[in-house]
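Trainee: The structure is given below, and queries will be raised subsequently.
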Amino acid sequence: MATKINRTREEGTNNFGSKMVIVDYNGCMNIDVYFPEYDWIAKGVTYDHFKNGKISCPYERNVYGVGYLGEGEYKARENGKNTRIYNVWHNMMQRCYDRKYHEKHPTYTNCTVSEEFHNFQNFGMWNKDNFYQIEGQQMCLDKDILVKHNKIYSPETCIYVPQTINKLFIKNDNIRGESVIGTTPVNGKYIVHCRLLNPSTGKSKLKYLGLYDTQEKGFEVYKYYKERNIKEVADYYKEHIPQKLYDAMYEYEVEIDD
Numbered sequence: 211m212a213t214k215i216n217r218t219r220e221e222g223t224n225n226f227g228s229k230m231v232i233v234d235y236n237g238c239m240n241i242d243v244y245f246p247e248y249d250w251i252a253k254g255v256t257y258d259h260f261k262n263g264k265i266s267c268p269y270e271r272n273v274y275g276v277g278y279l280g281e282g283e284y285k286a287r288e289n290g291k292n293t294r295i296y297n298v299w300h301n302m303m304q305r306c307y308d309r310k311y312h313e314k315h316p317t318y319t320n321c322t323v324s325e326e327f328h329n330f331q332n333f334g335m336w337n338k339d340n341f342y343q344i345e346g347q348q349m350c351l352d353k354d355i356l357v358k359h360n361k362i363y364s365p366e367t368c369i370y371v372p373q374t375i376n377k378l379f380i381k382n383d384n385i386r387g388e389s390v391i392g393t394t395p396v397n398g399k400y401i402v403h404c405r406l407l408n409p410s411t412g413k414s415k416l417k418y419l420g421l422y423d424t425q426e427k428g429f430e431v432y433k434y435y436k437e438r439n440i441k442e443v444a445d446y447y448k449e450h451i452p453q454k455l456y457d458a459m460y461e462y463e464v465e466i467d468d
């Protein structure tokens with residue numbers, strides 16, 4: 211009679227680098243593996259996967275070294291494809307922690323994600339309470355309309371906004387000159403333009419607002435038109451967006467150092 215193999219207490223390391231220990235061995239097709247760093251057990255896995263390091267732990271921070279899937283009802287993949295919510299969460303992590311992404315989008319260099327949102331399941335629960343849709347609109351995750359200049363994605367600062375509204379707050383810092391927002395120096399004076407959005411069509415048009423002696427005077431004109439346009443768009447979407455988004459848009463102030 212062959213001797214029954216018992217590999218209990220055998221140790222290994224998975225492909226992520228986490229220590230694993232077999233705590234229950236019921237044959238090569240049914241073992242339980244303990245991850246001491248995370249105090250978590252993978253149940254009913256195979257010995258072959260153990261030896262090849264193919265067992266993962268949902269608490270490993272394997273998304274840009276920060277994010278992890280956690281345990282809960284929200285799935286990263288369904289029917290062979292990433293879920294919508296996982297893509298939103300993953301893109302948020304990428305904007306904050308992917309150095310290659312920062313090379314193309316430097317405005318995100320100092321952005322971070324709150325500890326609560328490092329766990330994909332927590333983001334899933336927040337999404338369940340906050341996601342909404344508007345027909346014909348792509349919904350965008352925003353972090354700095356509710357709290358201006360905010361750099362942290364968190365439950366308190368994030369909100370979904372339709373793409374049309376999101377466009378209102380995009381700044382082209384990479385193509386702006388040294389003068390203040392909305393102004394362009396020409397022969398000692400300052401030309402003022404403001405890109406105004408038509409909420410009914412979703413299209414914007416650059417409007418010429420005049421020539422001014424100082425950039426400060428030019429900025430005041432730009433500020434008036436920009437804030438008025440934001441309120442106009444807020445009123446157009448009032449019945450479709452959260453009240454706190456509507457209020458934030460009405461209270462939004464364009465500043466000279468934007």
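Under the numbering used here, the first residue of the sequence shown carries the number 211, and numbering increases by one thereafter. Cβ atoms here follow ideal geometry from the backbone N, Cα and C, with glycine treated the same way.
1) Taking all protein chains shown into account, decide if Lys261 is buried (16 or more other Cβ within 10 angstroms of its Cβ) or exposed.
2) Given this structure, state the Cα-to-Cα distance separating Tyr400 from Lys413, to the nearest angstrom.
3) Hey, which unbroken runs of the alpha helix (DSSP H) at 4 residues or more fall wholly within the stretch 266-327?
4) Measuring alpha carbon to alpha carbon, tell me which residue in Gly277, Ile295, Ile362, Val273 is nearest Thr317.
5) Rounded to whole angstroms, what's the CA-CA distance from Glu442 to Thr367? Just pull it up for me.
6) State the DSSP-derived secondary structure class of Ile385, mapped to helix, strand or coil.
7) Does the beta-carbon distance from Glu247 to Ser266 come in below 8 Å?
8) What would DSSP say about Ile494, mapped onto helix, strand or coil?
9) What first and last residue would you give for the alpha helix (DSSP H) that runs through Leu378?
10) Apply the 10 Å Cβ neighbour rule to Leu421 and answer buried if 16 or more other Cβ atoms are within range, or exposed otherwise.
11) Give the secondary structure of Lys261 by DSSP, where H, G and I count as helix, E and B as strand, and everything else as coil.
12) Could you tell me if Ile391 is buried or exposed, where buried requires 16 or more neighbouring beta carbons within 10 angstroms of its beta carbon?
13) Where DSSP assigns a beta bridge to Ser414, which residues make up the other side?
14) So what does DSSP say about Tyr432, is it helix, strand or coil?
15) For Tyr400, which three-state DSSP category applies?
16) For Gly237, name the three-state secondary structure that DSSP assigns.
17) Let's see if you can read the secondary structure: which residues bound the beta strand (DSSP E) around Glu221?
18) Use the C-beta contact count for Asn384: other C-beta atoms within 10 angstroms, 16 or more gives buried, fewer gives exposed.
19) Please look up how many angstroms separate the CB atoms of Val357 and Val402, rounded, as I've assumed it's under 8 Å.
20) Among Ile251, Tyr370, Cys321, Ile215, which has the Cα closest to the Cα of Tyr456?
21) For chain E, check one thing: does any of its Cβ atoms lie closer than 8 Å to the Cβ of Gln304?
Mentor: The answer reads as follows:
1) Against the sequence shown, residue 261 aligns to sequence position 51. That one is exposed.
2) Residue 400 sits at position 190 when you count from the first residue of the sequence shown. Residue 413 sits at position 203 when you count from the first residue of the sequence shown. Each residue's alpha carbon lies about 26 Å from the other.
3) 294-307, 309-314
4) As a working note, residue 317 is residue 107 in the sequence shown. Looking at the Cα atoms, Ile362 is the closest of the given residues.
5) As a working note, residue 442 is residue 232 in the sequence shown. As a working note, residue 367 is residue 157 in the sequence shown. Each residue's Cα considered, the two are about 23 Å apart.
6) Against the sequence shown, residue 385 aligns to sequence position 175. For Ile385, the pLDDT reaches just 46, beneath the cut-off of 50, and the residue's location in the model is therefore unreliable, although a value from the coordinates is still provided. In the three-state scheme derived from DSSP, where H, G and I count as helix and E and B as strand, Ile385 is classed as coil.
7) To locate residue 247, count along the sequence shown from 1; it is residue 37. To locate residue 266, count along the sequence shown from 1; it is residue 56. Going by C-beta atoms, Glu247 is not nearer than 8 Å to Ser266.
8) The structure shown does not extend to residue 494, since the chain is modelled only from 211 through 468, so no value can be given for it.
9) For the purposes of this step, residue 378 is identified with residue 168 of the sequence shown, where counting begins at 1. 373-378 is the span of the alpha helix (DSSP H), which, as asked, contains Leu378.
10) Within the sequence shown, numbered from 1, the residue matching residue 421 stands at position 211. Classification of Leu421: exposed, given that the 10 Å Cβ count is below 16.
11) By 1-based counting over the sequence shown, the position of residue 261 is 51. Reduced to three states, the DSSP call for Lys261 is helix.
12) In the sequence shown, residue 391 corresponds to position 181, counting from 1. Classification of Ile391: buried, given that the 10 Å Cβ count is 16 or more.
13) Your numbering for residue 414 matches position 204 in the sequence shown. Per DSSP, Leu407.
14) For the purposes of this step, residue 432 is identified with residue 222 of the sequence shown, where counting begins at 1. Here Tyr432 sits in helix by DSSP.
15) For this step, residue 400 is matched to residue 190 along the sequence shown. Here Tyr400 sits in strand by DSSP.
16) Counting from 1 along the sequence shown, the entry for residue 237 is found at position 27. Coil, per DSSP.
17) Stepping through the sequence shown from its first residue, residue 221 is reached at position 11. Where Glu221 is concerned, the enclosing beta strand (DSSP E) stretches over 221-223.
18) Here the question's residue 384 lines up with position 174 in the sequence shown. Caution applies to Asn384, whose pLDDT of 49 falls short of 50 and renders its modelled position unreliable; the model cannot decide the point.
19) The sequence position of residue 357 within the sequence shown is 147, counting from 1. The sequence position of residue 402 within the sequence shown is 192, counting from 1. 28 Å between Cβ atoms; not a contact.
20) Residue numbering aside, residue 456 sits at position 246 when the sequence shown is read from its first letter. Taking only the C-alpha atoms, the option nearest Tyr456 is Tyr370.
21) Of the protein chains in this structure there is only one, and it is not chain E.
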